[in-house]
Each structure stands twice: as structure tokens, then as C-alpha cells.
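Quick notes on the structure that follows.
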Amino acid sequence: MSLLDVRDLSVVFQRRGERPFTAVDKVSFTVEPGQTVGLVGESGCGKSVTSLAIMGLLPRRGNKVTGEVLFDGADLLKLRPDDMRDRRGRDIGMIFQDPLSSLNPVIPIGIQVAEVLERHRGMDHKAALKEAKELLDAVGIPDPMRRLKEYPHQISGGMRQRALIAIALACKPRLLIADEPTTALDVTIQAQILTLLKQLVDETGTALIMITHDLGVVAGLCDTVNVLYGGKVVERARRHELFGHARHPYTHGLLNSVPRLDSPRGERLHAIPGSVADNIPWAEGCAFAPRCPNVVDACLEGPPPLEPTATGGDLRCNNPVSEEVAVP
Amino acid sequence: MSERSIGLLGERKKARLEELARASADKGGVSLVRDAARRLRRNPVAIVGAIIVGLFVLVAAFAPLIAPHDPVQRFDELTRNLTVDNIPGASSEFPLGSDPLGRDFLSRLIYGSRQTLFVGVLATLIGLAFGVVFGALAGAFGGWIDVILMRLTDVMLALPSLLLAITLVAMASKSSQWTVIFAVAIVNVPIFARLLRGSMLAQRESDHVLAARALGVKERNIVLRHMLPNSLTAVIVQATLTFAVAILDAAALSFLGLGDPDINRAEWGLMLGVDGQRYFEVRPELAYYPALAIIVVALGFTLLGEAMREAIDPKNRR
Chain X
1 MSLLDVRDLS VVFQRRGERP FTAVDKVSFT VEPGQTVGLV GESGCGKSVT SLAIMGLLPR
61 RGNKVTGEVL FDGADLLKLR PDDMRDRRGR DIGMIFQDPL SSLNPVIPIG IQVAEVLERH
121 RGMDHKAALK EAKELLDAVG IPDPMRRLKE YPHQISGGMR QRALIAIALA CKPRLLIADE
181 PTTALDVTIQ AQILTLLKQL VDETGTALIM ITHDLGVVAG LCDTVNVLYG GKVVERARRH
241 ELFGHARHPY THGLLNSVPR LDSPRGERLH AIPGSVADNI PWAEGCAFAP RCPNVVDACL
301 EGPPPLEPTA TGGDLRCNNP VSEEVAVP
Chain L
1 MSERSIGLLG ERKKARLEEL ARASADKGGV SLVRDAARRL RRNPVAIVGA IIVGLFVLVA
61 AFAPLIAPHD PVQRFDELTR NLTVDNIPGA SSEFPLGSDP LGRDFLSRLI YGSRQTLFVG
121 VLATLIGLAF GVVFGALAGA FGGWIDVILM RLTDVMLALP SLLLAITLVA MASKSSQWTV
181 IFAVAIVNVP IFARLLRGSM LAQRESDHVL AARALGVKER NIVLRHMLPN SLTAVIVQAT
241 LTFAVAILDA AALSFLGLGD PDINRAEWGL MLGVDGQRYF EVRPELAYYP ALAIIVVALG
301 FTLLGEAMRE AIDPKNRR
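Right, here's the structure in full:
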């Protein structure tokens, strides 16, 4: 059985007097124990909303979540709020994008790590602080004894993200959701944090959902990648398949737009024309059609279905990039 | 610093290095409070405000030691020549002369600081306490609690604060210093409540509260440990500023004759309103000194409050 099985998850934002907006549209994917799964797409494609829906952290009003999120066979969406609260932090951890604003500015780092341990593992304050020191040590924070007493604004961005990882992994959750964990960091720190995440995930056997728009992150970390566009999965493939033979024109475009060291100087970067705002609703056709180089008539007649591919992935496209065309 | 390079240094330098390393290791965390205090110390406005407030509190605390005479005693030397047209002026024994009842004016001014401090502190604290409770409830729970509390504050804020305070005092069956304290406190409740609710709402949407939710922190702890402490700074600053307003409001109520009816109690607003006004033609100092005292103390708290607002503002942190 999969650790996490998301089935037909939809999130519709509905304000009184406004047209409902479907942010996540029947998304399904699975995460096996110890596996790293990527959710990739550009801003506004529904990556973060998907993660918040899994965690049950969407605001109570103004949205409708349907579908199933089976964690160990139990549907998280049907849990009582109290039971879900007990699971958050203990069974599922989460790391956010901006490490400074995700830490409480008026509480020292050590207390923040200890808080989770006291909450979920019933440790007393002293034991929790001792464990917190070990955890900070484990995520590579130097001089953890001193950092325990320091406030978030006193430590560097990389160290803050390490502290957040320590907090998220404090209770050894079986699933960790990382929502763009490296976006707010500079490149050298990004690499360190990714290496750390990879190492911790390998050591503890924690499954990881990596939400990112950075294909470099995906390349280094993920076993399976789900590419989202306009709230739907448009392509799912194993990492090597995706990088070697991306079939969906959108994925292809994403890969093409990655800057390369061996391209001639002065050559302009490839870009996908238009923006997410140019979507057409999925009900009327393929949301990517207005920006797609491979668009055919069928694309405007109705949403293409998500169909299995020969290589074990899934693809939602009427006119995919041919398998022979490797990514340059 | 590797072992070898230390070896090249002299003994004294080595000791100094170790001392530096120890000092930096002992430093630990710099809390918000310490950080703000450090910035306050560098601000001349804060220094001036702090000096005024400090002197005022000292005078109030040690009034019996500083005052040359008993503030309620009527002295024969002063009453002897006392008429409505002649109030004895300064002499070597009574540096500021007499008040209209033959009491030592300077001593009464000094004792007046106690009353001002008492009323100011209590009115501010009571207003703060109720304001924080209402604001926190409205901000933490939202929904109908929020709607009811905020409409109530709207009603109170719609009335001019002094008018509201006068109404409240007039509603009391018997006026005493407590009616003044409560009237001034109640007038300030909606200001605190509104302010705290605003920052609580901002905190509710903040990343670190979301992160705390993602860790399964209980709702009670999210409010008490994550939202409230991060929202209090604005309220604390407002309390310092409110202190000045409370002093002025209390003085205004006394000035209008709505304060404590006890003629023995030395109170600046009363001294200004009754004695100062009635005998202004005879001895204007009776009005000048209490007015000056009120202005200087209110100014001191305002300066300190403004400086604190600047020091505590997260935008100014490094």
C-alpha cells in the first residue's frame, strides 16, 4: 500500500457573489514509503494549494475540498480537526518557502524545536531542549548549544532553513512536504540544503513531496515527477524519463527554458510564450492550448484525458512531442 | 584559529583571544526587548523622555522626603495675611508661597505628582487589561465575537473621548478618584482593543502561524504563544502614549470639577482648575505651575512613547 494516495483531489475557491475558481482539479498521485515525489509547475498551477489541502491547512471558509487523501489507508480529509492536528507535525511534517517568516520571531530557536517535541512526543521541557540540541546538530548547525538561545533574526538564512528542517523532522514523520524550500535562499545555500534534505530522507526513510518550480531541484532529488498545469497533472514520469524524453509540450518548454552552460553566448533563453493567466478553463479544452506550439483542433474541443504511456508514466496531451526528439 | 598559529602568538594575546571567544560564546540570544532597549539608549528623544519620566516617578515616590512641608497643613504664617486679594508669595520658608487656603504651594505640587502617577498608571493599566482581552478575543476568534466587539468599539470611538469620560463620571452616583480612573480607563479600552485586533489578524495570516499549524500546535497555544506575543508590541507603545492622554484627561476632569471632591488631596488638574482660575488675577503662578507640571510630564511620556514606537518597530531591526 502506498504511504500517501491522493485521489481526485479538487480545491475550489468560492467567494459569495464571485465565480468559483478551481485551483486544483482532480489531481491524483501516490507516494511510496521512502520515495521522493516532485510537484512541478509555474506560479499559480496549484502546487502549494495541493500541499495545504493534504495538510488540512486551507482556511475553513471560502473553499471546497473534494476527493480523497489516503494516508496509510485513512482519509485525512475525513478526520476530525483534533485528530488531524495530532497528525500534523507527528506523521506529516512541512517545510515552507521563507525560513525567516516561518519562524516565530519572539521565541528562541531552541524553544521552537522543543515545542514540537513536547507537543507530540510528550517530552518534558528539559528533555525536549536536550533533544533539540541533538536535532540542530544533526541538521548541521554549528555550535548548537549557543543557537538554542538565539532568535531567528540572529542567524543566517541557511541556518534558519536548517532549523526549520530540524523542527519538521523532530518527530520523525513518515512524510515530509517541502514547499519550495530553497526559493528564498541563494544558490550555494540551496545546494547545501538540498544535500541535507537528501541525506536526511535517505537516513530516516521519510517520504518527501518536493514542491518546486526549479527543475534543477527535481533533477537532483526526485524519483517521480508530477508536472502540474492549471490545477491538473499534465505529465507524470520517472525522473530519467522526464529529463530524457519529456512528452508534454509544457514539460518540454520548461526543460528548454533551463539555462545551459554549453549554449552559445548571447543566445536568448527559451521561454514559453504567454503566462498562466492565458489559460482557458479545462472544461473547454486543454488549458495549455493558447500557449502550446503543438496545438491541434482536438485541443479546443474538450480536456484531453490522462493516459498511461509506454514508459510507465502518464500523459495528458493530444499531440505530444514525439519520443524521438530528445531534449536538447 | 589553528593550534599552530596560536602558538606563534604571545601569552598575553593568547589569553585575550580566549577571552574574546568566551565572550562571544556567552552572548547568547538578543531578545526583542534587549534589542529595543539598545536602540532606545542611542536615541536622544528617548533619553529626554526617559529623564522626565524618571524624575517624575522619583519625585512621586519620595514626595514626603522632598516636600518641605505637610501638604494639607494650614500655616499660621500664611493664613495671617490671607485674603481673596492677597495670597502670600514666595518666602524663604515657603519657596512658591501659599495656596488660597494657606497651605504650602510647593509641597502640594510635589504631592500632586503622586496623585497624577496613581491615576495615570491605574487608568492606563485597567484600560490596557480590558483592551487586550477584548482585542485578543476579537482577533483570535473572529466571526460574531469579532463583529459584536468591534461594533461596540465603533460606538465608543465615535464619541469624543473627553465627552465620553465626562458622561461616564456624571453617570456615577458619587464622584471620587476611582470614578475618574475608571472613566479614563474605559475611554481607552476601544483604542487598545482595536489596535490589538488589527495586529492579531495580521498575525493570523502570517507564515509562522501557518507553520505552527502545520506542526499540529494546539489552537490555544497558537493564540497565546504565537499570535499574542507578536501582536503586543504596538499595544505596549500605545500604553506609553496613553499614559500622557490619561494624565491630561484626568486633569481635565478635575479642572471641570468632576474629580475627587476631597479638598485636602493635592491634584494638579484641581489646582489648575479651581485655585488657578479663581485667583489668576491675584497670583497667576497658582495656574502656571500645575499647568507646567502637567505639560512636562505628558510631554515626557509622549517622547518616550514615540521613541519606543521607533525602537520596537520591526522594520528598524538591523
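For the record, the sequence lines run as chains X and L.
According to the UniProt record's numbering, the first sequence is numbered sequentially starting from 1.
According to the UniProt record's numbering, the second sequence is numbered sequentially starting from 1.
Note that CB positions come from ideal geometry on N, CA and C, so glycine has one too.
Residue i and residue j closer than 9 Å at C-beta
| i | j | result |
| --- | --- | --- |
| L/D104 | L/P68 | yes |
| X/V49 | X/L58 | yes |
| X/T66 | X/L221 | no |
| L/L128 | L/F192 | yes |
| X/E115 | L/V223 | no |
| L/V59 | L/A123 | no |
| L/V133 | L/S161 | no |
| X/E241 | X/D314 | no |
| X/A207 | X/G46 | no |
| L/Q177 | L/G259 | yes |
| X/T183 | X/D214 | yes |
| X/L79 | X/G93 | no |
| X/T309 | X/A237 | yes |
| L/G89 | L/E310 | no |
| L/V245 | L/A170 | no |
Distance between beta carbons of residue j and residue i, contact taken as under 8 Å
| i | j | result |
| --- | --- | --- |
| L/L106 | L/P95 | 5 Å |
| L/G120 | L/I247 | 5 Å |
| X/P144 | X/Q161 | X/P144 to X/Q161, Cβ: 15 Å. No contact. |
| L/V53 | L/L304 | 6 Å |
| X/A23 | X/G244 | With a Cβ gap of about 31 Å, X/A23 and X/G244 do not count as contacting. |
| X/L176 | X/I95 | 7 Å |
| L/L40 | L/A307 | 6 Å |
Closer than 9 Å to chain L by CB, residue i
| i | result |
| --- | --- |
| X/M94 | yes |
| X/G89 | yes |
| X/S102 | yes |
| X/E18 | no |
| X/V11 | no |
| X/R236 | no |
| X/V24 | no |
| X/E115 | yes |
| X/V218 | no |
| X/V227 | no |
| X/I107 | yes |
| X/R85 | yes |
| X/A74 | no |
| X/D98 | yes |
Chain X within 9 Å of residue i, Cβ atoms only
| i | result |
| --- | --- |
| L/K218 | yes |
| L/D207 | yes |
| L/R309 | no |
| L/T302 | no |
| L/R39 | no |
| L/A266 | no |
| L/I312 | no |
| L/H215 | Sequence inspection shows Leu at residue 215 of chain L; the His mentioned does not correspond to that position. For L/L215, the answer is yes, since a Cβ of chain X falls inside 9 Å of its Cβ. |
| L/L299 | no |
| L/V296 | no |
| L/L210 | yes |
| L/H226 | yes |
| L/N188 | no |
| L/K27 | Residue placement at L/K27 is flagged as unreliable, the pLDDT there being 48, under the threshold of 50; a coordinate-derived value is accordingly withheld. |
| L/N43 | no |
Selection from the options that minimises the alpha carbon distance to residue i
| i | options | result |
| --- | --- | --- |
| L/D207 | L/H226, L/R194 and L/G142 | L/H226 |
| X/D91 | L/L215, L/E219 and L/G257 | L/L215 |
| X/R119 | X/V227, X/N318, X/I167 and X/V12 | X/I167 |
| L/R278 | L/P71, L/D85 and L/L152 | L/D85 |
| X/P20 | X/V27, X/F29 and X/S10 | X/S10 |
| L/Y111 | L/A37, L/D154, L/L162 and L/I66 | L/I66 |
| L/I57 | L/D76, L/V296 and L/S113 | For the sequence presented, residue 57 of chain L should be read as Val rather than Ile. Answer by Cα proximity: L/S113. |
| L/I166 | L/G97, L/S254 and L/V53 | L/S254 |
| X/L306 | X/E131, X/P273, X/A138 and X/N226 | X/N226 |
| X/S322 | X/H252, X/R260 and X/S275 | X/H252 |
| L/M200 | L/A298, L/T83 and L/L137 | L/L137 |
| X/K26 | X/P303, X/N279 and X/D297 | X/P303 |
| L/R265 | L/F118, L/L82, L/N81 and L/P44 | L/F118 |
| X/L185 | X/G205, X/G157 and X/I165 | X/G157 |
Exercise. Scan the segment 252 to 271 of chain X for residues whose Cβ lies nearer than 8 Å to a Cβ of chain L and list them as they occur along the chain.
Key: none
Exercise. Closer than 9 Å, Cβ to Cβ, to anything on chain L: give me those residues from the segment 119 to 138 of chain X, in chain order.
Key: R119 and H120
Quiz item: Going along the chain, which residues of the segment 38 to 66 of chain X sit with their C-beta nearer than 8 Å to a C-beta in chain L?
Solution: M55 and L57
Quiz item: Given a limit of 8 Å on CB to CB distance, which residues of the segment 228 to 240 of chain L reach chain X?
Solution: P229 and N230
Practice problem: Output, in sequence order along the chain, the residues in the segment 155 to 185 of chain X whose CB is closer than 9 Å to any CB in chain L. | Solution: L164, I167, A168, A170, C171 and I177
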